[in-house]
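Residue numbers are given in this note's numbering: position 243 of the sequence shown equals residue 242, and the series is strictly consecutive.
Here a beta-carbon is modelled for each residue, glycine too, at the ideal position from N, C-alpha and C.
None of these values were measured; they are calculated from a predicted model.
The structure appears below as structure tokens.
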Amino acid sequence: MLPDSWAEWVAQIPIKSGSGIANFEPLSWQQQTADLIISSRDRRKSYIFCKSRQVGATTLVLSIVDYLALSVPGFQALFLHKTYNDASLLGYRNRKFLTAAKVPTVSDSLSRQELENGSVLYFRSSDPESCGRGLDSIDAVIFEECSFYDDLSATIGAIAPAQTWNDNAVSLFVSTPNGKRGAGAKYWELLSGGDDTATEQLFTAIREDRSEPFQILRADSPSTVVIAHWRAVERYQAEPDFKARILEESGIDESTFNQEYDLDFSTSDTESVFSFELISRAAAGDWEQPDDEAIYFAGIDSATSGADFSVCIVIKKIFSDECDRFAVVKLYRRQKGTTEQHLSNIAELLADYQPVTCSIEKNGVGQVWLEQLSYLPGSRNTSLEGFATTRDSKEGLIGRLVVALERGHLTIPNSIITQELLGFQRRSDGKLEAASRYHDDTVIALALALHSARYGHSGDLRWNT
């Protein structure tokens, strides 16, 4: 029999903790958050939950929604995460939690977990085109790590019809910070409620330990804010130097700690190079098969470590009376594999599209790639050229890419390329790089493809269009 309260129920469930496996003992802030959400179940409400990493927020949210699903027969909840893999991992985590709680399920599916009382828990990616497919009435939507979605506004819009006729619909927007621009802009808007200055001042006070690490704001409004800073966890607060330990154990830099643990939304340390609006306008078209009548150019960014991706991007030149434009038509992107495998695959791609010129980033192993690729049959009809990346040359390379996007001279299929563009940033020291948890391989390859086409170079009339 289900206990009368959430606290009684979770107290019986063994979970993994810092000291091993132990029964779930909710912290004070976790208890308050659960009480807040469960007690407001009888009315439509949204919660914007901003939290540090490693405070137990994901387990908390899963347990709250699971308890509601057990309490209300036929309850339907939708958990969304950035990608399909992220959603699958979240579903796997919930399955383990239900197993530990001795809750039987009707099916073995990770993406659709049905309970014996008819309640169903869905786990899907945040893709606006598929996240709400086939769902007619959802009681709760959990937007997990939603400040990192490609388009949070579009995802919200896609889900809205499934909650329209539900008077008690609940929405939980759960995330660590991701800045106030680009992909993180919508989440910041929900969190700040339009009062940027007051919200910034509050988070500064929390970081400096001048304000409580756990706070509930706008509790009586339809949109309530919940903040859980790492100091809300007593054992973290008691550590002599929690920050130093995290930096050493995780290998993250200080700016990443400030964002993911200290809840810093500031754009003073980093700034998005490509705005969300800019990428939204450029996102168009589809991948295309080779056309013998078309003119192509290509760019290659070789992998320098096991974490990097080997990338080749092909763009097509589109002639017009006003000015020539370009469209991305083909992407090769692989992380695993030998150099020989990557070069063989790219050589086949070059043989298919026969780009006029292909620029290869030649720092590190790129010079080897340039030499070896020139001997492969597939590249015989393409002029291969190396590009030495320095701080100054990278500025010019990315600068021309920005101009092409601003002037509408380049279109890109909605893909990993648009995602990496949104995650490309400029640090306070001026260095251009991918944000934490992002890669920049497709950004560099795309910029090199434009360089191959001589876009923006001296004598190119498009530059002044």
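When the five nearest sequence neighbours on each side are left out, the beta carbons in the same chain lying within less than 6 Å of the beta carbon of Arg206 are those of Asp261, in order along the chain.
By the C-beta density criterion, Asn93 is buried, having at least 16 other C-beta atoms within 10 angstroms. In the structure shown, His450 falls within a helical segment according to DSSP collapsed to helix, strand and coil. When secondary structure is reduced to three states using DSSP, Asn22 falls in the strand class.
For the set Ser435, Lys95, Trp28, the Cα lying nearest the Cα of Lys15 is the one of Lys95.
For Trp164, the closest alpha carbon among the candidates Ile137, Leu375, Ser174 is that of Ile137. Out of Arg52, Asp41, Arg426, Leu431, the CA that lies nearest to the CA of Val232 is found in Arg52. A distance below 9 Å separates the beta carbons of Ser222 and Ser45. Less than 9 Å separates the beta-carbon of Glu419 from that of Asp439. Between Asp166 and Arg42, the alpha-carbon positions lie close to 6 Å from each other. Residues Val119, Ile137, Asp138 of the same chain have their beta carbon placed closer than 6 Å to that of Gln75, with the five preceding and five following residues left out of the count. Here Pro127 has Asp150, Ala153, Thr154, Gly156, Ala157 as same chain residues with Cβ atoms under 8 Å from its own Cβ, once five neighbours each way along the sequence are excluded.
Taking a contact to require three or more Cβ pairs closer than 8 Å, the region 382-402 and the region 352-368 qualify as touching. Judged by their CB atoms, Ala326 and Ile345 are not nearer to each other than the 9 Å cut-off. Per DSSP, the beta bridge partners of Cys357 are Ala297, Leu383. Ala282 and Glu339 have their C-alpha atoms roughly 32 Å apart.
Rounded to the nearest angstrom, the Cβ distance from Glu143 to Leu89 is 6 Å, consistent with a contact under 8 Å.
In chain order, Lys81, Ser125, Thr154, Ala182 place their CB closer than 7 Å to the CB of Tyr148, counting only its own chain and leaving out the 5 sequence neighbours on each side. Going by DSSP, Phe241 is part of the alpha helix (DSSP H) stretching over 241-249.
For Val401 and Arg40, the gap between their C-alpha atoms comes out near 47 Å. Taking C-alpha positions only, Arg217 is separated from Val224 by approximately 6 Å. Note on geometry: alpha-carbon atoms of Phe23 and Pro13 lie some 6 Å from one another. By the neighbour-count definition (other C-beta atoms within 10 Å, threshold 16), Trp286 is an exposed residue. As the crow flies, the alpha-carbon of Leu431 is around 10 Å from that of Glu270.
If the five residues before and after Pro103 are omitted, its C-beta is found closer than 7 Å to the C-beta atoms of Glu115, all from its own chain and listed in chain order.
Taking Ser108 as reference, the option from Lys101, Ala56, Leu421, Tyr121 with the minimal CA-CA separation is Tyr121. Among the bridge pairs identified by DSSP, His80 is matched with Ser124. Bounds of any beta strand (DSSP E) do not take in Leu1, whose DSSP letter is neither H nor E. Put simply, the backbone Cα of Gly429 is about 11 Å away from that of Lys393. Across the structure, Ser174 and Asp290 are spaced so that their CA atoms are roughly 44 Å apart. Considered as a whole, the region 140-182 harbours 151-158 as its complete alpha helix (DSSP H) runs of no fewer than 4 residues, in chain order.
One alpha carbon belongs to Ala197, the other to Ser435, and they sit about 27 Å apart. In the structure shown, Ser110 falls within a coil segment according to DSSP collapsed to helix, strand and coil.
Scanning its chain for C-beta atoms nearer than 8 Å, with the 5 sequence neighbours on each side dropped, one finds around Ser279 the residues Asp150, in chain order.
Gln236 sits away from Ala100, with the two beta carbons spaced by 9 Å or more.
Around the beta carbon of Ser27, fewer than 16 other beta carbons lie within 10 angstroms, which makes this residue exposed.
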